[in-house]
Amino acid sequence: MPYEKIGKNESVCIADEVPFEIPENWEWVRLGALFQHNTGKALNSSNHSGELLTYITTSNLYWNRFEIDNLREMYFSEAEIQKCTATKGDLLVCEGGDIGRAAIWSYGTDIRIQNYIHRLRAYSEICVEYYYYIFFLYKHVGWIGGKGIGIQGLSSNALHSLLFPLPPLQEQHRIVAKIKEIAPFLDKYEQTEQHLNDLNVRFPEMLKKLSTIRNEFIAIATICRQTNSNECMKERTLRLSFWQVKMGRNFSF
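Counting in numbering that gives the first Met the number 0, the sequence shown runs from 0 upward without gaps.
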């Protein structure tokens, strides 16, 4: 049974909070014990003191990437710059918009963040990519921003209390390496699944068209047999050739 001990208080069972079982040499840890975290600066159009700097919002932050063309600017005081600046290696997480969406700031230049983005900076040596993938997991199974028992919002308090599985550091890196190894196959599977879904959507309409074409050819063939007309046979041959090109060479009636 997983237990949590805070300060000098007695250990408390947290079995009802953990979402899945972990190996014996792993631990469940609150995010606040792993990362220093805070949100950025709220937009204030009346503030014109400090330094005018670029910043990002949730509209710039996507899963594992950023869109940083045409960044906005606002004024930051010296204290705000220190608090609201993301540097290379920081994990950034959306509080607003698509709650829980995350990416690691991997650029060599620093950037400021608006108040609907959390900046997570590790206290000690950990594999930040591993925790990015944990956010990805929690989001896509509905444990963050989902329905039912999932966390509906992601305030600083909610983020601080999130339970994360903590494996040994070497295992964190091994898990990330394995995810990257299989990711291309997952992308291929997703593309194939999307193609099949598209076919399922289009199939009834395709079947309807084929039925119409079949009825058309049956009607032409009936007229040809009744009239024994060469022109009619030519028309049938031309139409058949056309639909063979459109539908494939094996198309026939």
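Cβ coordinates follow ideal geometry from the N, Cα and C atoms, glycine included.
Residue nearest to residue i in terms of C-alpha spacing, selected from the options
i      : options                           : result
Phe19  : Ile181, Ser44 and Leu136          : Leu136
Val127 : Ile98, Gln169 and Ile13           : Gln169
Ile98  : Thr86, Ile116, Ile67 and Phe202   : Ile116
Arg118 : Met205, Ile103, Asn196 and Glu192 : Ile103
Arg100 : Val140, Ser123 and Ser160         : Val140
Tyr106 : Ile181, Lys207 and Arg64          : Arg64
Thr56  : Val11, His47, Ile110 and Ser44    : Ile110
Ile174 : Tyr129, Gly39, Thr38 and Trp62    : Tyr129
Lys40  : Leu30, Thr53 and Arg29            : Thr53
Arg120 : Thr211, Thr86, Lys138 and Ser48   : Thr86
Glu16  : Asp89, Leu51 and Pro1             : Pro1
Gly306 : Ser48, Glu180, Lys138 and Ser76   : Nothing in the structure corresponds to residue 306, since the chain is present only between 0 and 252.
Asn77  : Ser48, Asp68 and Glu66            : With the sequence shown as reference, residue 77 is identified as Glu, and Asn is not the correct amino acid for it. Of Ser48, Asp68 and Glu66, the residue nearest in Cα terms is Ser48.
Asp254 : Thr38, Asp186 and Ser58           : Since the first residue shown for the chain is 0 and the last is 252, residue 254 is missing from the structure and cannot be characterised.
Asn24  : Pro167, Gln81 and Leu195          : Pro167
Val43  : Arg201, Asn214, Asp68 and Glu79   : One detail in the question is off: residue 43 reads as Asn in this sequence, not Val. Taking only the C-alpha atoms, the option nearest Asn43 is Glu79.
Lys31  : Leu162, Glu66, Gln81 and Trp62    : For the sequence presented, residue 31 should be read as Gly rather than Lys. For the residues Leu162, Glu66, Gln81 and Trp62, the minimum Cα distance to Gly31 belongs to Leu162.
For residue j and residue i, believed in contact at Cβ under 8 Å, the rounded distance
i      : j      : result
Cys93  : Ile112 : Actually they do not touch by this definition, with Cβ atoms about 10 Å apart.
Asn114 : Tyr74  : 14 Å between Cβ atoms; not a contact.
Tyr132 : Ile178 : 6 Å
C-beta atoms of residue i and residue j nearer than 8 Å
i      : j      : result
Ile143 : Leu33  : no
Pro164 : Trp27  : yes
His36  : Ser155 : yes
Arg29  : Ser160 : yes
Leu60  : Leu91  : yes
Interface flag, residue i vs chain C, CB-CB below 8 Å
i     : result
Leu51 : No chain C is part of this structure, which consists of one protein chain only.
Local Cβ density within 10 Å of residue i, reported as buried at 16 or more and exposed below that
i      : result
Ala14  : exposed
Leu206 : exposed
Leu158 : buried
Phe134 : buried
Asn199 : exposed
Thr108 : exposed
Lys208 : exposed
Ser10  : exposed
Gln171 : buried
Extract the residue ranges of the beta strand (DSSP E) inside the region 35-92, only unbroken runs of 3 or more that lie entirely within it. You should have 50-55 and 71-75.
Enumerated in chain order, which unbroken segments of the alpha helix (DSSP H) with a length of 4 residues or greater are wholly contained in the region 102-157? Here the runs fully enclosed are 127-139.
Quick one: complete beta strand (DSSP E) runs, 3+ long, within the region 172-208? Fully enclosed beta strand (DSSP E) runs of 3 or longer: not present.
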